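In mature numbering (1 follows the signal peptide of the UniProt record, and there is no 0), the protein residues as written are -16 to -1, 1 to 359. Note that the Cβ used here is the ideal one computed from N, Cα and C, for glycine as well. All of these numbers come straight from a predicted model, not from anything done at the bench.
Spelled out as structure tokens, the structure:
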């Protein structure tokens, strides 16, 4: 009982601190903090304020044997991080107020953002609730999914036709039917088939033959390593090691690197339990964001609010682009503190669902934002 009461006091302290920080930053709270009876502790609230750090420290030490968790570290590190990257849910009203009268464009990562991270990448399914929320958002705002997956694969997961898709970290884009200009204002044509239909924009198309050969060699090299999975993502190759034993990781990495020794035009990057082989060209998710804005005719507009939600290192390039424009909201999905170029945060896909649902609901009930014609 003693430990439960102490935990309640700690929760109250942390909650009150966070509320004060939010108010100091101009955020509104939706409810008031209830007081916990202090009779059992024989102390007034101001006494708790004076000794709260030592109380947390003592409680942490007392509970370490029971929880096997460094509670003080988790509280202080994450709370400090959230101060620098405020919750997009807690900040929602403020964000929407700042976007009133402007045009919102939504960019979404897939794995870890719309779907949970799973051991088997072929089973990274999004929920029906998330699909419905994405559909509603895409009905109200121009929306694109930019994923490391192949474009066809992520489209098969999402199963929606009212938005745009970019696969292979933006190296395979199906863009809107509009004139295209690069970021340096040079015009280039959208490739079309002889029947007039669009084909994807693929800046790394010349690398496809080499990618096919590398894929064959990587599969052959790692086939004996238990748990290793090789995924063909079109213009990049993903080697998943989430189910690989730790003792085998170094061997796996060496085998993958050995394949690239003869292919200097490719690079190796690492994400969440995955190594990725990609062409060494200056093209990433940030370039994909710029491409979409260009094709939508919005690149030079000052009345737009790009919203990008993603959870991986590869999303950082998109966060940088939005920050450089000094307009828009880069939002990272993470339940742990980490270095990021994002300005706001959401804990996990469940909070992404709530955020998207609130965004769609706001659009339906508001007439202040101008809808954008999809063409």
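Extent of the continuous alpha helix (DSSP H) to which residue i belongs
i, result
"residue 205", "192 to 206"
"residue 237", "230 to 244"
"residue 252", "Element bounds for residue 252: not the alpha helix (DSSP H) but the beta strand (DSSP E), 250 to 255."
"residue 118", "112 to 124"
"residue 374", "The question about residue 374 has no answer here: the residues shown for the chain are numbered -16 through 359."
Contact under 7 Å by Cβ, residue i with residue j
i, j, result
"residue 239", "residue 273", "no"
"residue 217", "residue 133", "yes"
"residue 155", "residue 250", "no"
"residue 308", "residue 316", "no"
"residue 144", "residue 119", "yes"
"residue 125", "residue 157", "no"
"residue 303", "residue 325", "yes"
"residue 294", "residue 93", "yes"
"residue 289", "residue 86", "yes"
"residue 193", "residue 280", "no"
"residue 266", "residue 298", "no"
"residue 292", "residue 76", "no"
"residue 202", "residue 214", "yes"
"residue 147", "residue 122", "yes"
"residue 61", "residue 321", "yes"
"residue 70", "residue 188", "no"
"residue 277", "residue 283", "yes"
Nearest residue (CA-CA) to residue i, options the options
i, options, result
"residue 101", "334, 341 and 343", "334"
"residue 136", "151, 202 and 125", "151"
"residue 260", "131, 98, 293 and 81", "131"
"residue 128", "83, 106 and 153", "153"
"residue 103", "321, 262, 292 and 227", "227"
"residue 232", "212, 345 and 336", "212"
"residue 234", "245, 209, 253 and 196", "209"
"residue 223", "65, 248, 246 and 199", "199"
"residue 258", "113, 320 and 105", "105"
"residue 80", "320, 331, 321 and 312", "312"
"residue 420", "255, 275, 286 and 323", "In this structure the chain extends from -16 to 359, so residue 420 is not present and cannot be described."
"residue 117", "108, 107 and 142", "142"
"residue 67", "278, 242, 110 and 327", "327"
"residue 286", "310, 305, 62 and 301", "310"
"residue 197", "229, 247 and 230", "247"
"residue 73", "84, 350, 331 and 277", "331"
"residue 253", "221, 229 and 138", "221"
"residue 344", "82, 89 and 64", "89"
"residue 243", "275, 63, 229 and 195", "195"
According to DSSP, residues forming a beta bridge with residue i
i, result
"residue 330", "317"
"residue 188", "Answer is none; residue 188 lacks a bridge partner."
"residue 281", "Residue 281 is not bridged to any residue."
"residue 149", "129 and 158"
"residue 99", "95"
"residue 216", "221"
"residue 71", "329"
Continuous beta strand (DSSP E) stretch holding residue i: start and end
i, result
"residue 294", "288 to 294"
"residue 127", "127 to 130"
"residue 87", "87 to 92"
"residue 136", "From DSSP, residue 136 is part of no beta strand (DSSP E) but of the alpha helix (DSSP H) over 135 to 142."
"residue 323", "Neither: residue 323 is in no beta strand (DSSP E) and is coded neither H nor E."
"residue 310", "Here residue 310 belongs to no beta strand (DSSP E), and DSSP marks it neither H nor E."
"residue 261", "258 to 263"
Contact test: residue i Cβ vs the ligand ATP heavy atom, cutoff 6 Å
i, result
"residue 191", "Ligands displayed in this structure: none; no statement on the ligand ATP is therefore possible."
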